[in-house]
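Note sheet for the following structure.
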Amino acid sequence: MRPDTVLAHVAAREQILAKLRHVLITRLKLRRELDELDPDAPLFGSGFGLDSLDAVELVVCMDNQLGVRIADGGLLRQQMRSLNTLVDLVLATQEANRVAH
Amino acid sequence: MSLTDDVLAVRTAVTLADGAHLTCVRVAGRHALDALDRISPRELFARPGQMVHTLLVDDSARPFADLYIACDEDDYLLLAEGVTGAQLADHVRRHAGDLEVTTEELATTHAFLTLNGPYAWELLAAVASPDVIGLPYLGFFHEGRFTCFRAGRTGEYGYDLMIPHPDVAAIRAAIVATGAQFDLREIGLDAIDLCSFENGFFNVRRDAQPGLTPVELQLQWRVSYHRTYPGSAAVVARRATATRRSIMLAAREPIDRDAAVELAGEGGGVAGGTPVGSIVHAARSPVRDEWLALAVVDRDLAHPGIAFTVGGIAAHSTSSPAINNRSAYVDPQRHSYVTRANDKFPPLVRP
Amino acid sequence: MGVITALGRGLDALWSRLAEGGSGIRRIERFDTTGLVPLAGLVEDRNAPAHEPEPWRLCVELAIESGREALARAELSGVPRDRIALVLGTSLGDMAVPLYRMTELVGDALAIDGPRLTVSTACTSSTNAIGLALDLLELGVADAVVAGGSDVLTPLVVAGFHSLGVLSETPCAPFSEPAGTTLGEGAGFLVLQRSRGDGDANQLAVLGYGLAAEAFHDTGPDPTGAGTARAIQAALGDAGVSADEIDYVNAHGTGTRANDPAEWRALKTVFGSRAQTLPVSSSKSFLGHAQGAAGIVEAITTLVAMQHGVIPPTHNFTVARPNAPADPVGERVPRERATNLAVCANAAFGGACCAVVVGKPAGRIHREPARRAVFVAGIGVIAGAGGGRVPGFAIEAIVPSADPRGIDPLSSFVTAAAARALGDAGVAVRGALRERTGLVVGVNHVSSQSQTALRATIDAHGYRGMSASLFSRMVLNAPAGTCSKLLALKGAFSTLSAGAAAGIVAIIYAAELLAKRAELDQLLAGGGDEARPDCETEGAAMILLARSGSIRLAGWALAGPGRLATAIARATRDRPADLTIDPAIDPTIDPRGAPIAFTSALAVATAVDAIRRGAARRVLVTTAGESSVDAALVLEATDAT
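Okay, structure coming up:
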């Protein structure tokens, strides 16, 4: 990877991470600061301790704040394991949209 | 009998292992809550029957115990690994000062069995109590003579049973007998640790290396910056100064744990630059059929999707968990091991 | 009986459509459903867009119409208007007017001058309302009770259930595929009177009811079904009926993946091996889920079917889902089968579970439960200085195990006051005592903070982008649900609304339950409020009622609005008290004179305090609850003669 490619890649991920962390704090009411929300920490059960109602909330927020519609209940779970898997999902959606246009 | 088969059994069926790596201490007395309030890095938001998952750190913020604090009516049960029962009890009492608190090392009178797998709940419901299906993650209950903690460390349904010594043989026999219809496989700690590693979970017996704190290890969720506890000052200080963070790497070839991590150059070769990180642990993942490595790298590079080299071997960073746990799809209200062939589950490896 | 459902207006319409296998599930025309599932069991001639703007008016209209039918059929000509009570169960998420105001309007229209009470425990509201009617009859404050409920579908509820992912794309198929529910609406009332023992063998009756809390999750059911099982067992106990005598169960049967298997587990717990042959059906398959009115329209469906010697079917049943009832009556038309005793069960957000036993008692007279003395064991109060806001309140400071994430102020006040009452009594609720500890909360509004935040998410993102967790707070029993979950209270569980009397009415209901019910050892009861733009006063007061203590509840009574003297006479039995407290006229309790829920509970706490301090030995607490109900309660030191 070219160094500028790495930089752009990291910047893109950081930007999405910031949005997701904001959602966790404002909509899911996590009483944490942005830097405490580690990108690989488990979202549900352990980790941030989110539950099924939070999962619903997160799906809604992914749609209206990040433009990612998670429709399929099966795919949902593997994409909602950690902040990093959510970032993967957003990037994949953006890429799919770019190709489609 | 292979480690790969053991791991695949954890991922698709039910497994049974001895839990000699676990210990448990009962903390009781009028000031039990106050005593734990002094040592817990995390708020004790646990109601009876619930656990809080945290860890204990030393003065340099290095974790030395993986700890579940379970609220057992007026008492607390500390389920831990990485320390002995005696060390844990001593830690509680040392910081309790003149508080009225007693500690009891239950590992001297009890043994542990641990059940893991997407259908572990079903076997346990058949052997012990149908209420197992309603037990949420980080819940526990007493069933007859034993205590069942749901604190899985493999990414699958996982239950640790704490059983008084005289009853262990009978309960184990009951599990094995009923387990036949679940293709129960008896496995060792090595398989559990490998599953835990595939899921990117912290292993205090392996990953608690000097210089690594909850900040580098992405374990900040297990601590609170609003509390004072032994080691808290060092954790707070590291939060402000940490330059590295953990990330999981995947590679087609074996990774040398002692090799330096570098950014890959254009075309995938070694860029020839300075090392950007080091390896904490590496192992072959049976589920992914490739090598996984837990690395700590410069924070600016600790993101998935970046090409690295480790001692000349090409590797790329990946999100955790690097696999797809079937337990995330298996619903005790819908599924059953017997009828699993009719159920469509996603593949174990994330695309 | 009187009823309006998606199958039509009136009892005759319900029966004729039920008999022919009709379904009331239709396309929603009343409001825009873009992006949402457009199916529901709506009242057919109220489905036009013209009926959308003010759902509460429609809710009142349906209640009045079905109430009139019920009264006309009951022919209560000999009963004075002030001896008729009204209990209305509703969970309308409209919030344009307080729910108790709707009950008052219905009471006015039906010329009911006795107590008018509102039960709001989400999807068990009207089931609980039927049960509360039995208590009012036994308490002797009415000779007849018009009990039931009304609810209409709103865009908010459709969007809320949509975001929870529990709506079926096709008319719901309980216990079968596909999983998911279909919403609905309706209204219905029973007119209940005490058995005179001379009824014919076909006289229908409500024999008993039971309440329980799951203390598990805000919206998801406990997969073990333990709460529903306890509610059914309590109902059987109240009715004096054994599980073996039940020959039909009208299940909650929403059709969701979470509800149906949990409910079947509950039925297996209660009925044992008999569950394998017991007909269990869900009327939601043709009526839709009528929310707060579900209990009453399903009970009436059960009774109408029983009158005609049939069992209501479960429509749309094709293949059984795992953990489905063994006999789901999966047919299109009712099954010819005579039944005598049925259980109707419902479960709700906030962990509320309620079941009623209905049928033909055939000479069996609802037995007179032994009444036991009720005492005050502890009091807990959260209140702002000078009757204002409670500043900087942290629930974890009072309940250390409570994670404050997502807990609104109203829920935290109620929970903290309840925890203080337990602490005041020195009681630790543990082990089996959890299932023997009940909770009754009086509130008039949902948390204004949650309501405002929900509105903000809708304004910003539309109904599709609204917050599901905030939606789950829009039921009046959300504070009680949070309290029951955080303190692990699993016994009888209810939420009432009655304006200024809400707190004291909750305490009186709890006292009535504790006096009669062997399955309970203690109940927490009181009221709570959160500041709103039109009222700054906030806080909560909770009383722990128990079977022993140094202060006894010597008497309690309710009466229709403007009839406080009647309530006082009944509660005091004409023996004077040496202190009378009324929050409306006592500036130490409510300096602003605001008619809010918790002040009347605070008045009871003040009375307890006065007796403890030795300032009085026998205290009368009174509250006039606007146009809902007047209440009187007498407390006395147990060494008083």
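Protein chains in written order, with the numbering used here: chain Z, 38 to 138; chain S, 39 to 389; chain P, 517 to 1157. Think of the CB as a built atom: it goes at the ideal place given N, C-alpha and C, for glycine as much as any other residue. From a predicted model like this one, the values you see are computed outputs, not experimental measurements.
Check                                                                                                                                                                         : Outcome
Looking only at C-alpha atoms, which of P:Thr-998, P:Trp-572, P:Val-906 sits nearest to P:Gly-922?                                                                            : P:Thr-998
Is S:Ala-103 close to chain Z, meaning its C-beta is less than 8 Å from at least one C-beta of that chain?                                                                    : no
If you draw a straight line from the alpha carbon of S:Thr-192 to that of S:Leu-227, how long is it in whole angstroms?                                                       : 11 Å
Indicate whether at least one CB of chain Z lies closer than 8 Å to the CB of S:His-91.                                                                                       : yes
Excluding the 5 residues preceding and the 5 following P:Ala-625 in the sequence, name in chain order all residues of the same chain whose CB lies nearer than 7 Å to its CB. : Ile-580
Enumerate in chain order the residues of its own chain whose CB-to-CB distance from S:Val-206 is below 7 Å, with the five nearest sequence positions on each side excluded.   : Ala-149
Give me the Cβ distance between P:Gly-811 and P:Ala-994, rounded to the nearest whole Å; I'm assuming they're in contact under 8 Å.                                           : In fact, because the Cβ distance is near 19 Å, the residues do not count as touching under 8 Å.
Could you please give the first and the last residue of the uninterrupted alpha helix (DSSP H) stretch that includes P:Phe-802?                                               : 800-803
Touching or not, the region 788-805 of chain P and the region 613-629 of chain P, by the rule of three or more beta carbon pairs under 8 Å?                                   : no
For a test of the three-state rule: what should DSSP assign to P:Glu-570, helix, strand or coil?                                                                              : coil
Rounded to the nearest angstrom, what separates Z:Ala-48 and S:Asn-363 at their Cα positions?                                                                                 : 29 Å
Quick one: measure Cβ to Cβ for P:Gly-804 and P:Leu-699, integer angstroms, because I've assumed they're closer than 8 Å.                                                     : 6 Å
Counting Cβ pairs, one atom from each stretch, are 3 or more of them under 8 Å apart for the region 662-681 of chain P and the region 1041-1052 of chain P?                   : no
Identify every residue that forms a DSSP beta bridge with S:Asn-363.                                                                                                          : According to DSSP, S:Asn-363 bridges with nothing at all.
Does any C-beta atom of chain S lie closer than 8 Å to the C-beta of Z:Gln-102?                                                                                               : no
Should S:Ala-340 and S:Ile-285 be called a contact, given that it needs their Cβ atoms to be closer than 8 Å?                                                                 : yes
Answer with buried or exposed for P:Ser-1064, where buried requires no fewer than 16 other C-beta atoms within 10 angstroms of its C-beta.                                    : exposed
What does Z:Arg-58 reach in chain P if we use C-beta pairs closer than 7 Å?                                                                                                   : Residues of chain P passing the Cβ test: none, with the nearest at roughly 15 Å.
In this structure, does DSSP put P:Thr-1157 in helix, strand or coil?                                                                                                         : In this prediction, P:Thr-1157 scores a pLDDT of 45, lower than 50, which makes its location untrustworthy; the coordinate-derived value is nonetheless stated afterwards. Note: P:Thr-1157 maps to coil in three-state DSSP.
What's the C-alpha gap between S:Gly-172 and S:Ala-297?                                                                                                                       : 46 Å
Tell me, please, whether the CB atom of Z:Ser-89 is closer than 8 Å to any CB atom in chain S?                                                                                : no
Is P:Gly-1019 near the ligand ATP, with its Cβ less than 7 Å from a heavy atom?                                                                                               : Ligands displayed in this structure: none; no statement on the ligand ATP is therefore possible.
For P:Leu-1012, write down the residues that DSSP places opposite it in a beta bridge.                                                                                        : P:Val-635, P:Gly-958
Among the residues of its own chain, which have a CB less than 6 Å from the CB of S:Ala-289, if the five just before and after it don't count?                                : Trp-329, Ile-351, Ala-353
Can you tell me whether S:His-354 is helix, strand or coil according to DSSP?                                                                                                 : strand
Report yes or no: is there a C-beta of chain S within less than 8 Å of the C-beta of P:Asp-763?                                                                               : no
Nearest to P:Ala-1034 by alpha carbon, out of P:Val-943, P:Ala-815, P:Ala-1008?                                                                                               : P:Ala-1008
Note down, in chain order, every chain Z residue with its Cβ under 8 Å from the Cβ of S:Leu-339.                                                                              : Val-43, Val-47
At a Cβ threshold of 8 Å, is Z:Val-93 touching chain P?                                                                                                                       : yes
Can you give the Cα-Cα distance for P:Ala-767 and P:Val-796, rounded to whole angstroms?                                                                                      : 6 Å
Measuring only between beta-carbons, confirm whether Z:Glu-73 sits less than 8 Å from chain S.                                                                                : yes
Listed in chain order, which residues of the region 913-924 of chain P have Cβ atoms closer than 8 Å to some Cβ of chain Z?                                                   : Asp-919, Pro-920, Arg-921, Gly-922
Can you list the beta strand (DSSP E) stretches of 3 or more residues lying completely in the region 549-618 of chain P, in chain order?                                      : 600-605
Give me the Cβ distance between P:Met-618 and P:Val-576, rounded to the nearest whole Å; I'm assuming they're in contact under 8 Å.                                           : 5 Å
Using 10 angstroms around the beta-carbon of Z:Ala-92, count the other beta-carbons present and answer buried if the total reaches 16, otherwise exposed.                     : buried
Is there a Cβ from chain Z that is less than 8 Å from the Cβ of P:Leu-927?                                                                                                    : In the sequence as presented, Leu is not what sits at residue 927 of chain P; that position holds Ser. So no, P:Ser-927 is outside the interface.
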